[in-house]
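S.K.: So that we are looking at the same thing, I have put the structure below in structure tokens.
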Amino acid sequence: MNDSLKAQCTAEFLGTGLFLFFGIGCLSALKVAGASLGLWEICIIWGLGSRLPSI
166 MNDSLKAQCT AEFLGTGLFL FFGIGCLSAL KVAGASLGLW EICIIWGLGS
216 RLPSI
């Protein structure tokens, strides 16, 4: 396997993990902790989760 391909696969894995961490963490806080997040806040957090791994 090429070193560049390994780096790309690792970056994809970590980026996807970060995206899921933000999204699922936001929804878990809403359900488990009873946080008062509205649809706007949930959308903002999901948006940040999708943008941060690509930086």
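Numbers 166 to 220, taken from the numbering used here, label the letters of the sequence shown in order.
C-beta: ideal position from N, C-alpha, C; glycine also.
For G214, is the classification buried or exposed, using 16 other Cβ atoms within 10 angstroms of its Cβ as the cut-off for buried?
M.R.: Along the sequence shown, read from residue 1 onward, the residue named residue 214 stands at position 49. Label assigned to G214: buried.
S.K.: Please state whether the Cβ-Cβ distance between L192 and I207 is less than 9 Å.
M.R.: In the sequence shown, the residue the question calls residue 192 occupies position 27. In the sequence shown, the residue the question calls residue 207 occupies position 42. Taking 9 Å as the Cβ cut-off, L192 and I207 qualify as a contacting pair.
S.K.: Pull up the distance between the alpha-carbon of A198 and that of L179, whole angstroms please.
M.R.: For the purposes of this step, residue 198 is taken as the residue at position 33 of the sequence shown. For the purposes of this step, residue 179 is taken as the residue at position 14 of the sequence shown. Roughly 26 Å between the two C-alpha positions.
S.K.: Going by CA-CA distance only, name the one from L217, A172 and I210 that's closest to I189.
M.R.: As a first step, residue 189 must be located in the sequence shown, where it is residue number 24. Among L217, A172 and I210, the Cα nearest to that of I189 belongs to I210.
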